[in-house]
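Undergrad: What follows is a structure written as structure tokens; I'll ask about it next.
Residue numbers (the working numbering): 5 to 196.
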């Protein structure tokens with residue numbers, strides 16, 4: 005095993021899908037995911053930055069991870085505002101934005117290099133496969149799954165920060181969406 009990772013996932017269903025992708029990549033590279041900060045070599049916190057209570061919850065979760073473990077990588081929507089995180093938690097090792105699986109993995113590898121295993125070298129690095137083509141770890145009960153069909157929003161509503169956090173709308177390829185939906189149904193998903 006390459007190392008033990010603690011993981012916290014906060015926020016909306018889109019963030020949950022991002023967490024599933026990060027966890028899948030961690031496991032595929034030989035890292036194990038552990039349930040407590042104390043037994044982890046490193047903690048990844050996937051944050052929410054949408055409304056003030058969610059920002060506070062994210063900052064509190066980061067603080068708990070820093071206090072209990074000391075080695076923390078932050079990702080997610082609040083990661084799009086690194087100055088907010090660094091102002092409160094200067095000791096975090098890295099901050100990446102939302103849906104940045106490759107950035108999280110690069111940060112994890114920099115702090116906790118993976119074991120040199122010839123079998124894990126055969127697995128494509130994150131970003132080498134189409135989004136959603138290899139779902140892997142699920143954080144929802146077996147009977148339902150979230151299927152991300154687009155990211156971001158093109159509207160600039162005065163009351164909403166989504167375009168600043170998640171970017172402009174980018175839709176996934178219809179074929180990729182159908183492929184992922186078919187795979188999810190084949191593995192027991194009843195509700196998408």
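All C-beta atoms, glycine included, are put in the ideal place defined by N, C-alpha and C.
Note that the structure is predicted; figures quoted are calculated from it, not measured.
Excluding the 5 residues flanking residue 90 on each side, which residues of the same chain have their C-beta closer than 8 Å to its C-beta?
TA: 96 and 99
Undergrad: Provide the residue span of the alpha helix (DSSP H) that contains residue 28, from first to last.
TA: 17–32
Undergrad: From residue 58 to residue 6, what distance separates their C-alpha atoms?
TA: 32 Å
Undergrad: Ordered along the chain, which non-local residues of its own chain (more than five positions away) have a Cβ less than 6 Å from that of residue 111?
TA: 77 and 98
Undergrad: Using the rule of at least 16 other Cβ atoms within 10 Å of the residue's Cβ for burial, across every protein chain shown, is residue 22 buried or exposed?
TA: buried
Undergrad: To which residues of the same chain is residue 61 closer than 8 Å at the C-beta, ignoring the five residues directly before and after it?
TA: 14 and 52
Undergrad: For a quick check, are the C-beta atoms of residue 37 and residue 46 less than 8 Å apart?
TA: no
Undergrad: Within a Cβ cutoff of 7 Å, which residues of the same chain sit near residue 44, ignoring the five residues on either side of it in sequence?
TA: Non-local beta-carbon contacts of residue 44 in its own chain, meaning distances under 7 Å to residues more than five positions away in sequence, involve 8, 9, 10, 38 and 73 in chain order.
Undergrad: Run through DSSP, which three-state label would residue 37 get?
TA: strand
Undergrad: Check this for me: beta carbons of residue 88 and residue 50, under 8 Å apart or not?
TA: Residue 50 is positioned such that its CB atom lies no closer than 8 Å to that of residue 88.
Undergrad: Mind checking whether residue 156 and residue 24 have CB atoms under 8 Å apart?
TA: no
Undergrad: To test your reading of the DSSP string, which unbroken alpha helix (DSSP H) runs of 4 or more residues are found completely within the stretch 140–180?
TA: 166–170
Undergrad: For residue 164, I'd like the list of residues in its chain whose CB is within less than 8 Å of its CB, leaving aside the five on either flank, ordered along the chain.
TA: So the list reads 157, once near-sequence residues are dropped.
Undergrad: In this structure, does DSSP put residue 272 in helix, strand or coil?
TA: Outside the shown range of the chain (5 to 196) lies residue 272, about which nothing can therefore be said.
Undergrad: Which residues does DSSP pair with residue 9 in a beta bridge?
TA: In the DSSP output, where bridge partners are listed per residue, residue 9 has 37 and 46.
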